[in-house]
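In our numbering, the protein residues as written are -17 to 288.
All residues carry an ideal CB built from backbone N, CA and C; glycine is no exception.
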């Protein structure tokens, strides 16, 4: 059996690496290709990360559509609707969660499941206690304009945190780096390989989860928060729907930032009593197994056993 994971390579998708590692343990071959390479290869399963997929379904293959997020502004609702009507019908759909499923509003009989984000073993097995602390804070993640990260960084360019260091671990940050180049306490690095992330994140004393409080961001899983928690990093975070629900279900004590960041001070952050959530259900293997996609594949390929 051979699975082709298909996406345009515009976004970093750690789930693809997780899928490949999972299926390799069962001798299932996998490849990762771009959409325009579909017709140049043969696979038993075409696994698309959406996107638009208007490719014809091959008679001898299974087509899976995975929706890892809802569309973002501008015109997020229109983008969701366009994907709903333009995409060919697959054999199975996966959604990050019920919120993402509801945003697309599919009303056909195609079976579906939910595949949440997970935590890689490189994070779960890393010993943070042995790391030398080189920075006070780290923010790992996107610095795209819609994240409104400027306000956070500016806090380190003022009297409030100018004597404490911040590491931005990201990509495509040249404009921000140039904007704050005069401040020796603000550092930028990346991108780096995902397996190297634990060592870099653990160089900091505190980890920042900075998410803008608007849809779809505030309804979708923060992979970085999961990774911070796996590394036992004290977590400072903005306040929004997903993290409140996550905390309620999994525990943990996080330092919540006020919208104007007025409580982002060294004194308050240092005095807070942090604790860590229960992450036993958040391994990639458990998330894949809970999604329903394995049972679906077994109905199509009778010799499969997971």
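query: Does DSSP classify residue 10 as helix, strand or coil?
result: Reading the chain shown from its first residue, position 28 is the one you call residue 10. Judged by DSSP in its simplified three-state form, residue 10 adopts coil rather than helix or strand.
- request: Let me know the alpha helix (DSSP H) ranges lying completely inside the region 168 to 208, each 4 residues or longer, listed in chain order.
  value: 179 to 183
- prompt: Does DSSP classify residue 29 as helix, strand or coil?
  reply: By one-based count along the chain shown, residue 29 stands at place 47. Strand.
- request: Using three-state DSSP, classify residue 95 as helix, strand or coil.
  value: One-based indexing of the chain shown puts residue 95 at position 113. Of the three classes helix, strand and coil, the one that applies to residue 95 here is strand, per DSSP.
task: Starting from residue 76, follow its DSSP beta bridges and name the residues at the other end.
output: Position 94 of the chain shown, counted from the start, is the residue given in the question as residue 76. The partner list for residue 76 (beta bridge, DSSP) reads 48 and 95.
task: Put residue 337 into one of helix, strand or coil per three-state DSSP.
output: Absent from the model: residue 337. The displayed extent of the chain is -17 to 288, so no value can be given.
Close Cβ partners of residue 174 (< 8 Å) along its chain, the five nearest in sequence each way excluded: Here residue 174 corresponds to residue number 192 of the chain shown, with the count starting at 1. Closer than 8 Å at the Cβ level, and outside the excluded window around residue 174, lie 151 and 182.
query: Leaving out five residues before and five after residue 220 in sequence, what residues of the same chain have Cβ atoms less than 6 Å from its Cβ?
result: As a working note, residue 220 is residue 238 in the chain shown. So the list reads 192, 193 and 239, once near-sequence residues are dropped.
message: Is the separation between the beta-carbon of residue 17 and that of residue 44 shorter than 8 Å?
response: Position 35 of the chain shown, counting from 1, holds the residue named residue 17. Position 62 of the chain shown, counting from 1, holds the residue named residue 44. The Cβ atoms of residue 17 and residue 44 lie no closer than 8 Å to each other.
message: Whole angstroms are fine: how far does the CA of residue 160 sit from the CA of residue 116?
response: Taking the first residue of the chain shown as position 1, residue 116 is located at position 134. Taking the first residue of the chain shown as position 1, residue 160 is located at position 178. Using only the alpha carbons, I get a separation of about 22 Å.
field: Straight-line gap, residue 283 to residue 42 (C-alpha atoms, nearest Å)
entry: The residue labelled residue 283 in the question sits at position 301 within the chain shown. The residue labelled residue 42 in the question sits at position 60 within the chain shown. Looking at the two C-alpha atoms, the distance is approximately 12 Å.
- prompt: Hey, is the region 85 to 99 in contact with the region 109 to 125, meaning 3+ C-beta pairs nearer than 8 Å?
  reply: no
message: On the CB-based measure, 16 or more other CB atoms within 10 Å of its CB, does residue -3 come out buried or exposed?
response: As a working mapping, residue -3 is identified with position 15 in the chain shown. Answer is buried; the Cβ neighbour count reaches 16.
Unbroken beta strand (DSSP E) run spanning residue 151, endpoints: Taking the chain shown and counting its residues from 1, the one referred to as residue 151 is at position 169. Here the beta strand (DSSP E) through residue 151 covers 148 to 151.
message: Classify residue 13: buried if its beta carbon has 16 or more other beta carbons within 10 angstroms, exposed otherwise.
response: As a position in the chain shown, residue 13 is number 31, starting the count at 1. Exposed, because fewer than 16 other Cβ atoms sit within 10 Å of the Cβ of residue 13.
task: With a cut-off of 8 Å on the beta carbons, I'd call residue 135 and residue 158 a contact; round off their distance for me.
output: Here residue 135 refers to the residue found at position 153 when the chain shown is read from its first residue. Here residue 158 refers to the residue found at position 176 when the chain shown is read from its first residue. At roughly 7 Å, the Cβ-Cβ gap stays under 8 Å, so residue 135 and residue 158 are in contact.
message: Is it buried or exposed, residue 206, if we count other Cβ atoms within 10 angstroms and call 16 or more buried?
response: Numbered from 1 along the chain shown, position 224 holds the residue referred to as residue 206. Buried, because 16 or more other Cβ atoms sit within 10 Å of the Cβ of residue 206.
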